[in-house]
Amino acid sequence: MTDGRCAVIGAELVCACGFGKEACIRELYAGRDAFVPVDRFDTERFPTKLAGTVPGLRAKGDSPLCLPMLEFLAQSVAGLPESTPVLIASTVGEIDRLYNPMRRCTLNLLREDTLKLFRKSRGRIVSAACASTNAAVDRARRMILSGISETVIVAACDLVSEFAFSGFASIGAMSDGMARPYDRNRSGLLLGEAAGILVLASEKAAVRHEVSAWIAGSGMSGDAVHITAPRPDGAELETAIRKALGAVPPEEVGAIIGHGTGTKYNDEMEINAIRRVFGGSIPLASAKGACGHTLGASGMIQAILALEALRRKTLFPQTGLITPEPGAERMVSRKEQNISGNFALSLNSGFGGLNAAVLLEARS
Amino acid sequence: MIRKGSAVLHRFTLSTKTRNIHLEGCDYHDLLKQLRALDGIPEANYMDFRRGGEKVKQAILGSIAALFDAGTAPADTITILGCGSEGSFTENLLYFNDYIEHGRDGGRGQLFVGTLPTTPLCEVAIALNMHGPAFHIDPGSDGEQLGEELELCFADPAVSEILLLEFENSSLRVSCLERGEDEEGKSCVF
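So the protein lines, in turn, are chains A and B. Quick note: the first sequence uses the working numbering, first residue 2, plus one each step. Quick note: the second sequence uses the working numbering, first residue 18, plus one each step.
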């Protein structure tokens, strides 16, 4: 039983594995990473040259770098009415246009470009740091359940940029090796970029479409302890998880696609939160060992992998893992893990202690 | 929904609507000092504004004043919602210009953490120890979408109030909203 669900009737993705969600699914289930040396800016002064950049992504002239990704995604929403609302998840938007002549916010520019390319008349940015996608899914689900709209598009986009690279280096969050989420010897994150869409619909409207899965619940919370570090015991992420679960017993959740950045503090907090709700043996994996930390778009990759996990009844292997973090030994694996239960959980946590959880349910 | 209380900040002046408070300071610290001297100001971890920039200082001052104006204590059932098209553009430029001016030889982390539109909202949550949802929206010029988002927040029975932060042209309006209609049966309009 859930307190209201909506259907996933469309999903598409661009990430470091390539254009199309199949590329991401193929590479992650094969346990391969997609990191390459960055050639967009000079990385000499940074701890790493590696990032999960989208292969072949080039800006056309002065146009923003996200445009080719949005153009690709636009095909998937072309059949939806112009009035379909779009919720756009991002941390900083078109950050490559920071010095735009209009002197406008780069999130605002992303909103305009997304609506234009998607040929939709209505939409807004939803920004909750690196929890932006899950926050946007939460808002979209509530829009549908409250009857505001029968169908909502959730879009997400964030880029690998010198801005983010230098920033994460400045706070000591980047790895000088590989990204190893949930590994005992993890040393930080590697950045990535992604854009994607989910199309959500009411149960009534979903009758006319093929349903991939259901969004069965969602919840948000705030640590309110530190502007960059999470609350170590995971108590507030636990709150978000329990909100998302609603009346669904934890034992019915078969897998968790975690935020898993590969930083010491995030992964420790997340493992603690998961143990508080599920004990220590639920299958867990993070996409960031393969695609990098795609900031506000992280939850989009995770949602698409959750759909696939529920379809296959297996969870992708943890790329980058060598030795599991103590406490996660029976959660993470270098091998594909079988899952039981009809639900999968996707977790996001961001700067400022923002947490957002989304519960997905397999189609019956 | 009803606007229980609100505060408007413009530079170093702060005024509230319900209690009709008007404060003028020589800087944000002075303003905070004056605000804290008022009887009934909510308990908060002020920490001298932590490391925040101007927007963070405004957000903390405005939120404390709006809650005071509404007679509402900080709570985990309060959702913090930021709205506006400015986002964190000024802070993004501040960080990246500083990084470039220093020869691209390491950004300053203190400036980087301020580059998200949710930073002021999270600093408010930290100062007031509130653990509810916090997020920012930019609906462009479509004001109806803000009203829609507020209704969505109140559709969740766990939400008691919304602290709405609207930044515009170096000013900030913070409103403390609750469900219901005013004495004339009207909902506040956004």
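We treat Cβ as the ideally placed atom computed from N, Cα and C, and that holds for glycine.
Using C-beta distances below 7 Å, list every residue in its chain close to residue i, excluding the 5 sequence neighbours before and after it, in chain order.
{"i": "E72(A)", "result": "L118"}
{"i": "P182(A)", "result": "G261, T262, G263, D268, S287, K289, G290, Q319 and G321"}
{"i": "R196(B)", "result": "M18 and F171"}
Under the rule that 16 or more other beta-carbon atoms within 10 Å means buried, what is residue i, buried or exposed?
{"i": "M103(A)", "result": "exposed"}
{"i": "G57(A)", "result": "exposed"}
{"i": "A175(B)", "result": "exposed"}
{"i": "M2(A)", "result": "Residue confidence for M2(A) is low, a pLDDT of 41 falling below 50, so the modelled location carries little weight and cannot support an answer."}
{"i": "V141(B)", "result": "buried"}
{"i": "G160(B)", "result": "exposed"}
{"i": "P233(A)", "result": "exposed"}
{"i": "R335(A)", "result": "exposed"}
{"i": "A307(A)", "result": "buried"}
{"i": "Y100(A)", "result": "exposed"}
{"i": "A180(A)", "result": "buried"}
{"i": "P250(A)", "result": "exposed"}
{"i": "G353(A)", "result": "buried"}
{"i": "N343(A)", "result": "buried"}
{"i": "T324(A)", "result": "exposed"}
{"i": "L111(A)", "result": "buried"}
{"i": "P69(A)", "result": "buried"}
{"i": "G197(A)", "result": "buried"}
{"i": "Q303(A)", "result": "buried"}
{"i": "K208(B)", "result": "A question about residue 208(B) goes unanswered here, because the residues of chain B that appear run from 18 up to 207."}
Apart from the five residues on each side of it in sequence, which residues of its chain come closer than 6 Å, Cβ to Cβ, to residue i?
{"i": "G22(B)", "result": "T35, A83, D86, A87 and C193"}
{"i": "V93(A)", "result": "T107"}
{"i": "A274(A)", "result": "G235, L238 and E239"}
{"i": "L316(A)", "result": "A256, P284, A286, A310, Q338 and I340"}
{"i": "V200(A)", "result": "I10, G11 and I154"}
{"i": "I26(A)", "result": "E309"}
{"i": "S204(B)", "result": "M18 and E198"}
{"i": "G69(B)", "result": "E140"}
{"i": "E166(B)", "result": "I154"}
{"i": "G259(A)", "result": "E271, L285, S287 and L348"}
{"i": "V161(A)", "result": "A52, T54, L192 and E194"}
What residues from chain B crowd round residue i, counting only those whose CB sits closer than 8 Å?
{"i": "S147(A)", "result": "E168, L169 and A172"}
{"i": "V359(A)", "result": "Residues of chain B passing the Cβ test: none, with the nearest at roughly 13 Å."}
{"i": "S128(A)", "result": "G104, L133, P134, T135, F152, H153, I154 and D155"}
{"i": "R112(A)", "result": "D155 and G157"}
{"i": "R105(A)", "result": "S102 and F106"}
Excluding the 5 residues preceding and the 5 following residue i in the sequence, name in chain order all residues of the same chain whose CB lies nearer than 8 Å to its CB.
{"i": "E185(B)", "result": "G101 and E103"}
{"i": "V254(A)", "result": "L246, F279, I283, G342, F344, A345, L346 and L360"}
Give me the chain A residues within the contact set of residue i, using Cβ-Cβ distance strictly less than 7 Å, ordered along the chain.
{"i": "G162(B)", "result": "Just to set this straight, residue 162(B) is Gln in the shown sequence, not Gly. Per Cβ cutoff of 7 Å: R125."}
{"i": "F184(B)", "result": "Those within 7 Å of F184(B) in chain A number zero; the least Cβ separation is about 11 Å."}
{"i": "G126(B)", "result": "S171 and I172"}
{"i": "Y116(B)", "result": "S167"}
Anything in chain B within Cβ reach of residue i, meaning under 9 Å, just list it in chain order.
{"i": "G353(A)", "result": "V130, L133, T135, T136, L138, C139, E140, A142, I143 and A151"}
{"i": "L108(A)", "result": "S102, G104, S105, F106, P134, H153 and D155"}
{"i": "E237(A)", "result": "H148"}
{"i": "V93(A)", "result": "G104, S105, N109, T132, L133 and P134"}
{"i": "M221(A)", "result": "T96, G149, P150, A151 and F152"}
{"i": "F73(A)", "result": "Neighbours of F73(A) on chain B: none; closest Cβ ~23 Å, over 9 Å."}
Using a Cβ cut-off of 9 Å, pull out every chain A residue sitting near residue i, in sequence order please.
{"i": "F66(B)", "result": "Chain A residues near F66(B): none, gap ~12 Å exceeds 9 Å."}
Against residue i, what residues of chain A qualify as contacts under a CB-to-CB distance less than 8 Å, listed in chain order?
{"i": "E178(B)", "result": "Within chain A, no residue comes near E178(B); the closest Cβ sits about 15 Å away, beyond 8 Å."}
{"i": "G123(B)", "result": "R46, S167, A170 and S171"}
{"i": "E165(B)", "result": "M144 and I149"}
Whose Cβ in chain D lies nearer than 7 Å to the Cβ of residue i?
{"i": "L99(A)", "result": "In the structure shown, chain D does not exist; the protein chains are A and B."}
The segment 148-167 of chain A / the segment 116-124 of chain B touching (three or more Cβ pairs under 8 Å): Inter-segment contact for the segment 148-167 of chain A and the segment 116-124 of chain B is present: three or more beta-carbon pairs are separated by less than 8 Å.
Selection of the segment 148-160 of chain B by Cβ proximity to chain A, strictly under 9 Å: Listed in sequence order: H148, G149, P150, A151, F152, H153, I154, D155, P156, G157 and D159.
Cβ contact check for the segment 31-51 of chain B and the segment 334-349 of chain A: 3 or more pairs under 8 Å: Touching, no.
Residues, ordered as in the chain, of the segment 134-145 of chain A that lie near chain B by beta-carbon distance below 7 Å: For the segment 134-145 of chain A, the set of residues with a beta-carbon nearer than 7 Å to any beta-carbon of chain B comprises A136, R140, R143 and M144, in chain order.
At least three beta-carbon pairs within less than 8 Å, the segment 139-147 of chain A to the segment 172-180 of chain A: The segment 139-147 of chain A and the segment 172-180 of chain A do not touch, with fewer than 3 CB-CB distances between them shorter than 8 Å.
Residues within the segment 224-236 of chain A neighbouring chain B, beta-carbon criterion of under 8 Å: Answer set for the segment 224-236 of chain A: D224, A225, V226, H227, I228 and T229.
Touch test, the segment 49-65 of chain A against the segment 190-204 of chain A, Cβ-Cβ under 8 Å, three pairs minimum: Touching, yes.
At least 3 beta-carbon pairs within less than 8 Å: the segment 51-71 of chain B vs the segment 154-170 of chain B: Short answer: they don't touch.
Contact between the segment 128-138 of chain B and the segment 127-137 of chain A (3+ Cβ pairs under 8 Å): Touching, per the Cβ criterion.
Contact set between the segment 27-43 of chain A and chain B, restricted to residues whose Cβ is under 7 Å from the partner: Answer in chain order: no residues at all.
The segment 348-363 of chain A in contact with the segment 216-223 of chain A per 3-pair CB rule at 8 Å: Taking 8 Å as the limit for Cβ pairs, the verdict is that the segment 216-223 of chain A does touch the segment 348-363 of chain A.
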